[in-house]
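Terminal number for the sequence shown in this note's numbering: 821, no gaps in between. All remarks here apply to the structure that follows.
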Amino acid sequence: MNRRFFLKFLLSVGLGAYFPKLTEAARFEQLHHPQNGYKSLNEVKFLRQIVTNDSRTSRTLMWQSDEEIKNIRLEFFLVGEEQANFSKVTSEYFEQVGKGNFIYFSELKNLKPESLYKFRIIADDKATSWQNLKTSGKNKFQMLVFSDSQCEHYEIWQKTADFANKNFPDAEIFLVNGDLVDNGQANYQWRLWYTSAAYLLSEKIFAPVMGNHECYSAKWLNCLPEGYLHHFKTPSNAEKNFDGYFYSFDYGSAHFFILNTQFLELENFQPKLKEIQNYWFRRDAANTNRAWKIVFMHKDIFDYGQNKFNDIAENFMPLFDELEIDLILTGHLHTYRNRGKIFAQKKSPQGPTYILCGRAGDQKYVEPHREIDEVSYKNLQKEPESFITLDIDEKNLTLTCYTVDGDILDKFTLRK
């Protein structure tokens with residue numbers, strides 16, 4: 406039974422709860438130990454901290470519940486001052502295939518940079534445990550990068566996420582470069598994704614990237630990415646009708662562009678996506694003063710079957726050259742490749758560095774070795790799951806690719 410048929414079967418017979426809830430409860434147990442005489446607010450699920458335009462002074466907090474939670478509020482304080490503050494909570498109901506969800510979000514503003522806050526969610530006489538929120542600064546930081554966490558069996562994504570979290574506990578932020586789930590409109594897929602990423606989500610900031618699988622309906626037809634857009638309130642791009650499709654943010658000495666490559670899937674729904682995004686990209690790049698300019702986007706620039714650059718490359722690579730982007734990370738092909746520097750679609754000692762991220766989930770593809778690749782896994786048939794660490798300060802950017810076996814597949818440093 407292939408995974409698409411399996412997903413259709415689950416949805417048709419209403420098995421959104423097919424997977425055991427015990428694992429979900431265990432991995433979020435630390436969330437449900439309140440203090441100060443409160444009862445446990447067990448209704449709160451899948452708490453996440455979403456990146457904002459500037460994580461030095463703001464943070465978006467999101468969570469969800471199966472049933473509506475009345476009289477809900479968010480309490481927070483700066484450690485060392487202990488003065489209670491309360492933030493407005495907004496909620497919305499979103500009906501996904503298989504189940505509906507109440508999704509809540511609250512944006513904290515005017516925070517103190519490089520500081521530790523505590524927050525909790527309260528509803529009447531119930532509360533969650535206190536959670537940590539760390540604001541960023543201008544100093545060196547570490548980011549974890551995953552791609553294609555989509556799975557048929559989500560214990561593989563869980564294994565990858567847990568391995569990275571255990572070995573790099575000081576990473577402040579993590580990103581998944583598209584295709585988070587196998588089907589963006591299936592509720593059970595999101596529940597399994599959140600459960601598998603529970604330890605990563607507990608304190609780290611999350612930056613999502615939309616992939617093509619976020620744009621598939623339960624019948625595997627192209628559709629608007631409603632699941633993705635409801636699950637993540639990303640920084641506004643100020644472009645009407647395109648909020649959430651692409652965005653940017655500052656972190657430390659870097660400016661990150663999160664671009665959308667789903668032109669094919671969205672051409673009947675958002676026909677001006679390419680035009681509007683290109684205009685926004687130029688304007689946004691002109692307004693940043695950070696040392697590093699880094700792009701994440703899901704689909705790759707190269708067609709391995711035809712051994713040539715593709716339509717994604719034709720749209721974006723001239724822009725990357727023009728805007729002097731330092732590093733571009735793509736996904737979609739489920740294999741790690743380092744292409745080095747490319748300028749005007751030719752190998753060059755100057756220009757952007759191109760990295761194709763490997764997979765974090767269980768869906769294996771095998772693309773042939775090509776001359777464009779400077780580093781790839783030797784035995785493509787047996788390439789394991791992998792992830793990337795980015796260590797960034799004002800003068801150095803070090804990228805290291807690790808496999809879940811603990812091996813270093815690639816490592817290099819860019820210098821300003």
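We put the beta carbon where it would ideally sit given N, CA and C, even for glycine. Just so it is clear, the structure is predicted and the values come from calculations on it, not from any experiment.
Coarse secondary structure for residue 586, derived from DSSP in three states
The residue you call residue 586 lines up with position 181 of the sequence shown. Collapsing the DSSP output to three states places residue 586 in coil.
Helix, strand or coil for residue 468, going by three-state DSSP, please let me know.
As a first step, residue 468 must be located in the sequence shown, where it is residue number 63. Three-state DSSP puts residue 468 in a strand.
Any chance you could list the alpha helix (DSSP H) runs of at least 4 consecutive residues sitting entirely within the segment 662-705, in chain order?
List check, alpha helix (DSSP H) in window: 668-671, 678-691.
Quick check: residue 601 and residue 559, are their CB atoms within less than 8 Å of each other?
Numbered from 1 along the sequence shown, position 196 holds the residue referred to as residue 601. Numbered from 1 along the sequence shown, position 154 holds the residue referred to as residue 559. In this structure, residue 559 lies closer than 8 Å to residue 601 by Cβ.
Determine the DSSP secondary structure at residue 745, reduced to helix, strand or coil.
The residue labelled residue 745 in the question sits at position 340 within the sequence shown. When DSSP states are grouped into helix, strand and coil, residue 745 belongs to the strand group.
Cutting at 7 Å between CB atoms, please list the residues of its own chain near residue 427, excluding the five before and the five after it.
Reading the sequence shown from its first residue, position 22 is the one you call residue 427. Legend: pLDDT at residue 427 = 48, less than 50; position of this residue unreliable, no value from coordinates given.
Exposed or buried, residue 469, counting other C-beta atoms within 10 Å across all chains shown (16 or more means buried)?
Your numbering for residue 469 matches position 64 in the sequence shown. Note on residue 469: 16 or more other CB atoms within 10 angstroms of its CB, so buried under the neighbour-count rule.
So what does DSSP say about residue 435, is it helix, strand or coil?
As a first step, residue 435 is located in the sequence shown; it is residue number 30 there, counting from the start. Assignment of residue 435 by DSSP, reduced to helix, strand and coil, places it in the helix class.
Sorted by chain position, which residues of the same chain lie with C-beta nearer than 6 Å to residue 612's C-beta, five sequence neighbours on each side aside?
Taking the sequence shown and counting its residues from 1, one reaches residue 612 at position 207. 456, 580.
Cross-strand partners of residue 505 (DSSP beta bridge):
As a first step, residue 505 must be located in the sequence shown, where it is residue number 100. 500.
Coarse secondary structure for residue 580, derived from DSSP in three states:
Sequence index remark: in the sequence shown, residue 580 carries index 175 (1-based). Per DSSP, reduced to three states, the secondary structure at residue 580 is strand.
In this structure, does DSSP put residue 415 in helix, strand or coil?
Indexing the sequence shown from 1 puts residue 415 at position 10. Here residue 415 scores only 49 on pLDDT, less than 50, and its place in the model should not be relied on; the value that follows carries that caveat. Correct three-state label for residue 415: helix.
Apart from the five residues just before and just after residue 444, which ones in its own chain have a Cβ nearer than 7 Å to its Cβ?
What you label residue 444 is simply residue 39 of the sequence shown in a count that begins at 1. Closer than 7 Å at the Cβ level, and outside the excluded window around residue 444, lie 530, 531.
According to DSSP, what are the bridge partners of residue 806?
One-based indexing of the sequence shown puts residue 806 at position 401. Paired residue(s): 793, 815.
How is residue 427 classed by DSSP in three states: helix, strand or coil?
Counting from 1 along the sequence shown, the entry for residue 427 is found at position 22. Summary for residue 427: the model assigns pLDDT 48, below 50, so the residue's position carries little reliability; its value from the coordinates is reported in the next sentence. Helix, per DSSP.
So, helix, strand or coil for residue 643, using DSSP?
Residue 643 sits at position 238 when you count from the first residue of the sequence shown. Residue 643 sits in coil when the DSSP states are folded into three classes, being neither helix nor strand.
Rounded to whole angstroms, what's the CA-CA distance from residue 625 to residue 508? Just pull it up for me.
The sequence position of residue 625 within the sequence shown is 220, counting from 1. The sequence position of residue 508 within the sequence shown is 103, counting from 1. Computed Cα separation, rounded: 25 Å.
Can you give me the C-alpha to C-alpha distance between residue 796 and residue 475, rounded to a whole angstrom?
Start at 1 with the first residue of the sequence shown, and residue 796 comes out as number 391. Start at 1 with the first residue of the sequence shown, and residue 475 comes out as number 70. Roughly 42 Å separates the two Cα atoms.
Tell me residue 454's beta-bridge partners as DSSP assigns them.
Stepping through the sequence shown from its first residue, residue 454 is reached at position 49. Beta-bridge pairing links residue 454 to 466, 610.
Segment contact flag, the segment 448-466 with the segment 640-656, C-beta cutoff 8 Å, min 3 pairs
Contact between the segment 448-466 and the segment 640-656 is present, because at least three Cβ pairs lie under 8 Å.
Under the three-state DSSP convention, the category residue 571 falls into:
For the purposes of this step, residue 571 is taken as the residue at position 166 of the sequence shown. For residue 571, the secondary structure class from DSSP, reduced to helix, strand or coil, is helix.
Can you give the beta carbon distance from residue 446 to residue 526, rounded, assuming they're within the 8 Å contact cut?
Mapped onto the sequence shown, residue 446 falls at position 41. Mapped onto the sequence shown, residue 526 falls at position 121. Rounded, the Cβ-Cβ distance is 6 Å, consistent with contact.
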